[in-house]
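So for the sequence shown, full-length UniProt numbering puts the first residue at 1; every next one is plus one.
Backbone N, C-alpha and C fix where the C-beta goes; we use that ideal spot for every residue, glycine too.
Predicted, not measured: the structure shown is a model, and the values here were computed from it.
See structure below.
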Amino acid sequence: MAGKPLMHAVQYNSYGGGAADLKHVELPVPTPSKDEVLLKLEATALNPVDWKIQKGQLRPFLPRKFPCIPATDVAGEVVGVGSEVKIFKAGDKVVAFLNYLVTNGGGLAEFAVAKESSTVARPSEVSAAEGSGLPVAGLTAHQALTQSAGVKLDGSGQQKNILVTAASGGVGHYAVQLAKLGNTHVTASCGARNIEFVKSLGADEVLDYKTPDGAALKSPSGRKYDAVIHCATGIPWSTFEPNLGTNGKVIDITPGPSAMLTFALKKLTFSKKQLVPLLLIPKRENLDFLVKLVKEGKLKTVINSKHPLSKAEDAWAESIDGHATGKIIVEP
Ligand SMILES: NC(=O)c1ccc[n+]([C@@H]2O[C@H](COP(=O)([O-])OP(=O)(O)OC[C@H]3O[C@@H](n4cnc5c(N)ncnc54)[C@H](OP(=O)(O)O)[C@@H]3O)[C@@H](O)[C@H]2O)c1
């Protein structure tokens, strides 16, 4: 009997090591379980969490085991389905989010299995690369704005002043565009080279984070923020505090120990100004919503760079470097 077909995949075997520790291997194409689809991947987007897990920042929980094929945000074509899959069939183009807890990642490969419940249809207007950018980065921006900041993306609701930090990055560039679908005034922070880019996403005013006023996060028009979608790191509460409105919230998507302490203190003292740590809880219906926005031209995925799977380590090093404008994509 012939053996199982093989695929090219990229994996690591231990914590640490960075891009140099990614190994190119041949592995059997995975078999979908009853509630999973098998995807022939066309694009995989990287997120900082992928290399943070390799670094050991989420040990002992993640990765679930070694070796680990990293990355979770994928787009491709359905080539096989489990016995209980109802929505999808072979030939369908989709976007999916894999899961480090369930599938131990799996995105840096030619094929991957995804839960049907984590997969959405991808219309022909949305390229694989554009679709693959959406799961972690787009859903985080969506959750922060709609759930934590209370922005209604249909434009209804009272006007809110929003600050997006690191607005040029994966999460930030979606956050600016999504915020502008709501009734908002958006201030955004980024490096000097990205000011025109961030304005083109719809930001009303842009701060260069390396200038004194930019570092102080002061709105040039004197606004106080109702919510900060905080996508940068290393900015203390004392910088945000004077810029917040009476009930202003900082939604911190990378909360470290000092942010967690501020979160607890603000809660315990019933402070009106709050720090809200955010952990993404990905939802299929929200991913579907984002894919539709891209189809309708209301949201775009800006692509920093594309790398072939054979050079996945270059994409990995670029993500670790931390200077992406938009999303870093790997293509099998
Ligand atoms: N909680 C969650 O569930 C969740 C979900 C997604 C992401 N995250 C975390 O959120 C963070 C952002 O993710 P990402 O994918 O957007 O990262 P990213 O794409 O790597 O962000 C890179 C961008 O950030 C800009 N930047 C860095 N420091 C800045 C600062 N102080 N002020 C303004 N801009 C700054 C860089 O601009 P320059 O090149 O000009 O420096 C670059 O354009 C990461 O720490 C990630 O792990 C958390």
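VAL163 and TYR225: beta carbons closer than 8 Å? Counted from its first residue, the sequence shown places residue 163 at position 163. Counted from its first residue, the sequence shown places residue 225 at position 225. Checking the sequence shown, residue 163 turns out to be Leu, not Val. The answer is yes: Cβ separation under 8 Å.
Measure the C-alpha to C-alpha separation of THR269 and GLY91 and round it to an integer number of angstroms. Start at 1 with the first residue of the sequence shown, and residue 269 comes out as number 269. Start at 1 with the first residue of the sequence shown, and residue 91 comes out as number 91. Rounded to whole angstroms, THR269 to GLY91 spans 56 Å at the Cα level.
Minimum C-alpha distance to GLY222 - residue among GLU205, ASP35 and GLN57: Start at 1 with the first residue of the sequence shown, and residue 222 comes out as number 222. Out of GLU205, ASP35 and GLN57, GLU205 has the C-alpha closest to the C-alpha of GLY222.
How is GLY76 classed by DSSP in three states: helix, strand or coil? As a first step, residue 76 is located in the sequence shown; it is residue number 76 there, counting from the start. Strand, per DSSP.
Whether ALA227 touches LYS160 by CB criterion (8 Å): Along the sequence shown, read from residue 1 onward, the residue named residue 227 stands at position 227. Along the sequence shown, read from residue 1 onward, the residue named residue 160 stands at position 160. Yes, the Cβ-Cβ distance between ALA227 and LYS160 is below 8 Å.
Cα-Cα separation, LEU261 to ALA203: If you number the sequence shown from 1, residue 261 lands on position 261. If you number the sequence shown from 1, residue 203 lands on position 203. Looking at the two C-alpha atoms, the distance is approximately 31 Å.
Buried versus exposed, by CB contacts within 10 Å (16 or more), SER319: Within the sequence shown, numbered from 1, the residue matching residue 319 stands at position 319. With 16 or more other Cβ atoms within 10 Å, it is buried.
My guess is that ILE145 and GLN177 are in contact by the Cβ rule of under 8 Å, so how many angstroms apart are they, rounded? As a position in the sequence shown, residue 145 is number 145, starting the count at 1. As a position in the sequence shown, residue 177 is number 177, starting the count at 1. Note that residue 145 is Leu in the sequence shown, not Ile. LEU145 to GLN177, Cβ: 10 Å. No contact.
Of the residues LEU62, ASP50 and VAL85, which one's Cα is nearest the Cα of PRO32? To locate residue 32, count along the sequence shown from 1; it is residue 32. With distances taken between Cα atoms, PRO32 lies closest to VAL85.
ALA45 versus PHE197: straight-line alpha-carbon distance, rounded: Within the sequence shown, numbered from 1, the residue matching residue 45 stands at position 45. Within the sequence shown, numbered from 1, the residue matching residue 197 stands at position 197. In a straight line, the C-alpha of ALA45 is about 20 Å away from that of PHE197.
Do PRO308 and ligand 1 come close, with the Cβ less than 7 Å from some heavy atom? If you number the sequence shown from 1, residue 308 lands on position 308. No, the beta carbon of PRO308 sits no closer than 7 Å to any heavy atom of ligand 1.
Taking the C-alpha atoms as reference points, what is the distance between THR325 and GLY169? Reading the sequence shown from its first residue, position 325 is the one you call residue 325. Reading the sequence shown from its first residue, position 169 is the one you call residue 169. Their backbone Cα atoms lie some 5 Å apart in a straight line.
Does the structure place the stretch 231 to 243 close enough to the stretch 251 to 259 that three or more beta carbon pairs sit under 8 Å? yes
Looking at the secondary structure, which residues open and close the beta strand (DSSP E) in which GLN274 lies? Mapped onto the sequence shown, residue 274 falls at position 274. It spans 274 to 277 - the beta strand (DSSP E) in which GLN274 sits, taken as one unbroken run.
If we call anything under 8 Å between Cβ atoms a contact, is ARG59 one with TYR100? Stepping through the sequence shown from its first residue, residue 59 is reached at position 59. Stepping through the sequence shown from its first residue, residue 100 is reached at position 100. Not in contact: ARG59 and TYR100 (Cβ atoms no closer than 8 Å).
If you draw a straight line from the alpha carbon of ALA232 to that of VAL276, how long is it in whole angstroms? Working through the sequence shown from its first residue, we reach residue 232 at position 232. Working through the sequence shown from its first residue, we reach residue 276 at position 276. Those two C-alpha atoms are separated by around 15 Å.
Does the distance between the C-beta of PRO48 and the nearest non-hydrogen atom of ligand 1 fall short of 7 Å? Reading the sequence shown from its first residue, position 48 is the one you call residue 48. Indeed, a heavy atom of ligand 1 lies less than 7 Å from the Cβ.
Can you tell me whether HIS142 sits near ligand 1, meaning its C-beta is under 7 Å from at least one heavy atom of the ligand? Numbered from 1 along the sequence shown, position 142 holds the residue referred to as residue 142. No, Cβ of HIS142 sits at least 7 Å from all heavy atoms of ligand 1.
Which of the three DSSP states, helix, strand or coil, is assigned to GLU116? What you label residue 116 is simply residue 116 of the sequence shown in a count that begins at 1. Helix.
Could you give the DSSP three-state label for GLU296: helix, strand or coil? Taking the sequence shown and counting its residues from 1, one reaches residue 296 at position 296. Coil.
Can you give, in chain order, each stretch of the alpha helix (DSSP H) that sits fully within the stretch 33 to 113 and has at least 4 residues? 48 to 55
Considering only C-alpha positions, which residue in the set GLY80, LYS89, VAL136 and ALA188 is nearest to LEU98? Counted from its first residue, the sequence shown places residue 98 at position 98. If we check each option's Cα against that of LEU98, VAL136 comes out closest.
Tell me, please, whether the stretch 123 to 135 touches the stretch 186 to 195 by the rule of three or more beta-carbon pairs shorter than 8 Å. no
Quick one: any contact between the stretch 102 to 112 and the stretch 2 to 19, if contact means 3 or more CB pairs under 8 Å? yes
My guess is that SER304 and ILE281 are in contact by the Cβ rule of under 8 Å, so how many angstroms apart are they, rounded? In the sequence shown, the residue the question calls residue 304 occupies position 304. In the sequence shown, the residue the question calls residue 281 occupies position 281. Checking the sequence shown, residue 304 turns out to be Asn, not Ser. That belief does not hold up - the Cβ atoms of ASN304 and ILE281 are roughly 26 Å apart, past 8 Å.
State yes or no: is the C-beta of ASP50 within less than 8 Å of the C-beta of ALA71? In the sequence shown, counting from the first residue as 1, residue 50 sits at position 50. In the sequence shown, counting from the first residue as 1, residue 71 sits at position 71. Result yes, Cβ atoms of ASP50 and ALA71 sit closer than 8 Å.
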